[in-house]
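Accompanying notes for the structure given below.
Chains as they are written, first to last, in my numbering: chain A, 20 to 324; chain B, 20 to 324.
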């Protein structure tokens with residue numbers, strides 16, 4: 020009997036990140052993409068209303084709307100939360116077309132290249148991320164312990180990863196970004212297919228950049244940012260900073276330096292959408308973890324159930 | 020008696036082009052900028068409502084809302100047109116604080132560097148553009164004969180230019196772009212000041228890139244774009260194309276080439292905001308014109324009136 024694993028590929032969770040949606044829409048028109056390599060794939064536009072308007076979201080960031088509180092609240096009825104509920108009704112693990120794995124394709128104005136974002140330390144997530152890293156050499160940003168940012172889409176599925184690709188402006192189609200997205204989709208599905216057919220080769224270790232905290236822009240007494248990302252740091256995501264590295268440039272021409280005696284790795288430097296969240300960049304620590312057989316079992320169980 | 024010339028500097032005519040607004044806001048807080056070099060300067064945020072929302076405009080592109088039809092229509096009452104009327108009431112040549120010259124600072128996702136945009140062939144515009152080009156070596160995009168695009172802000176003042184700076188994503192502060200904006204402001208005011216004190220040195224000629232037409236993206240039978248800017252053309256604004264130059268890359272991997280036997284210069288390649296206007300790029304022809312003394316007289320008359 021065929022395995023019932025279904026993989027949900029999401030694009031346009033943010034309506035102004037348009038490269039993955041363009042790819043998905045043309046795929047659906049042009050190919051029998053839905054049965055690639057024996058994996059049942061469903062593609063969906065996360066926030067079609069926002070995509071139509073070229074905006075990140077309508078009322079509230081859809082990719083912060085999947086927290087249990089928002090999903091069950093009787094008071095919150097804005098469009099984006101309703102869309103979150105609808106996606107779970109349709110494609111959640113107990114939905115109309117149940118999916119076990121969700122991969123959510125984003126783009127960023129930061130120079131992140133292609134990378135994976137893992138939320139917390141769910142075993143199946145780590146196993147799948149390790150497999151993809153082992154094949155594509157992608158960096159992994161492990162987002163955890165950030166109480167100000169919760170309710171990410173992929174957390175509402177038993178296993179889920181975000182693929183982030185940049186730099187690209189919001190609302191702009193770029194053939195390089197589309198190509199990077201296409202490669203990421205192919206490798207993700209290929210690896211899931213290999214787990215299903217018992218051909219996946221799991222690595223011995225995983226390299227993660229673990230989230231420590233985010234930095235806001237320096238602000239004046241009115242709360243208005245009075246500095247921008249330092250030109251030497253712009254576009255330098257994934258490169259370690261140390262004490263004395265210039266982080267910001269103030270209006271008066273003076274630099275604000277990193278003042279701690281540690282070596283950290285900045286990510287999402289100057290992501291345009293994060294200024295409203297008061298995030299100029301996030302700081303991570305680079306770690307190498309041994310790969311756990313438990314992670315592998317967890318992923319196998321999901322895929323072969 | 021002091022000359023009454025007042026120069027209006029506009030930033031944030033598009034609310035998601037945030038670098039010039041940031042510069043202006045900090046200037047107003049930090050310096051006696053308003054009386055620079057004997058020129059009376061008024062700075063203003065073009066579309067504060069859109070800037071607050073991080074959107075290009077609210078109901079309608081403010082920088083297409085200054086046509087006589089829209090300004091006088093009794094039927095059109097959207098926010099942006101009302102703002103256009105308000106700006107003219109406040110800062111128009113017969114306004115509360117009358118200004119003769121308007122300089123409108125924009126940014127673009129296209130790799131335009133710093134450049135000037137001149138609308139039509141008004142003599143004072145050409146004189147001022149030639150002066151700035153002579154001092155900063157900037158390219159000039161002469162926009163004319165485009166019936167689909169009218170109602171630009173600067174056309175509502177006796178003399179006016181747009182300064183366009185890119186590439187920069189929408190909604191993102193970039194120290195390089197801010198610095199380019201700052202230099203452009205300084206040179207513009209310096210040259211106006213020199214005209215006033217009779218120290219301006221006008222060139223013998225002006226180099227313009229004259230607008231011929233715009234190109235839309237290739238579209239499928241449903242009208243959906245099925246190609247993106249070719250990777251070899253992305254970021255190559257101002258570089259001539261000829262017969263056979265690849266312009267677009269289709270979803271199926273084939274290229275769409277330039278098929279005319281002429282050498283033209285593309286500008287505003289992949290400007291994110293122009294996709295809603297069905298413009299993938301604009302094509303110009305590079306021309307060298309002799310400088311006319313009439314232009315100089317027209318600008319002098321405005322500044323020394």
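Ideal Cβ placement from N, Cα and C applies to all residues, glycine included.
- If only uninterrupted beta strand (DSSP E) runs of at least 3 residues are considered, those enclosed by the region 39-106 of chain B are 59-64.
- Between the alpha carbons of residue 257/A and residue 128/A lies a distance of about 14 Å.
- Shown in chain order are the members of the region 170-194 of chain A whose Cβ falls below 9 Å from a Cβ of chain B: 186, 187, 188, 189, 190, 191, 192, 193, 194.
- In the DSSP assignment, residue 213/B falls within the alpha helix (DSSP H) that extends over 194-215.
- Here residue 223/A has 310 as same chain residues with Cβ atoms under 6 Å from its own Cβ, once five neighbours each way along the sequence are excluded.
- Closer than 8 Å to the CB of residue 78/B there is not a single CB belonging to chain A.
- The three-state secondary structure of residue 228/B, taken from DSSP, is strand.
- Rounded to whole angstroms, the separation of the alpha carbons of residue 230/A and residue 276/B is 46 Å.
- Residue pairing by DSSP places residue 177/B opposite no residue, since no beta bridge is assigned to it.
- Boundaries for residue 142/B: no beta strand (DSSP E) harbours it, while the alpha helix (DSSP H) harbouring it runs 142-155, taken from the DSSP string.
- Taking each of 71/B, 304/B, 320/B in turn and checking the Cα distance to residue 158/B, the smallest one comes out for 304/B.
- Closer than 8 Å to the CB of residue 247/A there is at least one CB belonging to chain B.
- The count of Cβ pairs closer than 8 Å, one atom from the region 161-179 of chain B and one from the region 237-250 of chain B, stays below three, leaving the stretches out of contact.
- With respect to the 8 Å criterion, residue 306/A and residue 227/A are classified as neighbours on the basis of their beta carbons.
- Residue 148/B is not a Cβ neighbour of residue 185/B, given a cutoff of 8 Å.
- Between the C-alpha atoms of residue 117/B and residue 75/B there is a straight-line separation of about 26 Å.
- For residue 252/B against residue 265/B, the beta-carbon gap comes to about 7 Å, under 8 Å, which counts as contact.
- Each residue's CA atom was taken as its position, placing residue 28/A and residue 61/A some 6 Å apart.
- Scanning 289/B, 294/B, 285/B, 291/B for the CA closest to the CA of residue 302/B turns up 285/B.
- Looking from the CA of residue 234/A, the closest CA among 196/A, 207/A, 283/A belongs to 283/A.
- When Cβ-Cβ separations below 8 Å define contact, residue 276/B makes no contact with chain A.
- Counting every other CB atom within 10 Å of its CB across the protein chains shown gives residue 108/B a total below 16, marking it as exposed.
- For the region 76-110 of chain B, the set of positions with a beta-carbon nearer than 8 Å to some beta-carbon of chain A is empty.
- Take residue 40/A, set aside five residues on each side of it, and the residues of its chain with a beta-carbon closer than 7 Å to its own are 30, 31, 64, 70, in chain order.
- Against chain B, the beta carbon of residue 228/A has no neighbour under 9 Å; the closest one sits roughly 22 Å away.
- Among the bridge pairs identified by DSSP, residue 162/A is matched with 138/A.
- Beta-bridge partners assigned by DSSP to residue 275/A: 267/A.
- Counting the other Cβ atoms within 10 Å of the Cβ of residue 123/B gives 16 or more, which makes it buried.
- The DSSP-derived three-state label of residue 322/B is helix.
- Each residue's CA atom was taken as its position, placing residue 120/B and residue 139/B some 16 Å apart.
- With respect to the 8 Å criterion, residue 188/B and residue 143/B are not classified as neighbours on the basis of their beta carbons.
- For residue 108/A, the secondary structure class from DSSP, reduced to helix, strand or coil, is helix.
- Taking 8 Å as the CB threshold, residue 45/A lines the interface with chain B.
- Taking 8 Å as the cut-off, the Cβ atoms of residue 152/B and residue 225/B count as close.
- Residue 317/A is positioned such that its CB atom lies no closer than 8 Å to that of residue 175/A.
- Inclusion of residue 289/A and residue 210/A in the CB contact set at 8 Å is not warranted, their separation being larger than that value.
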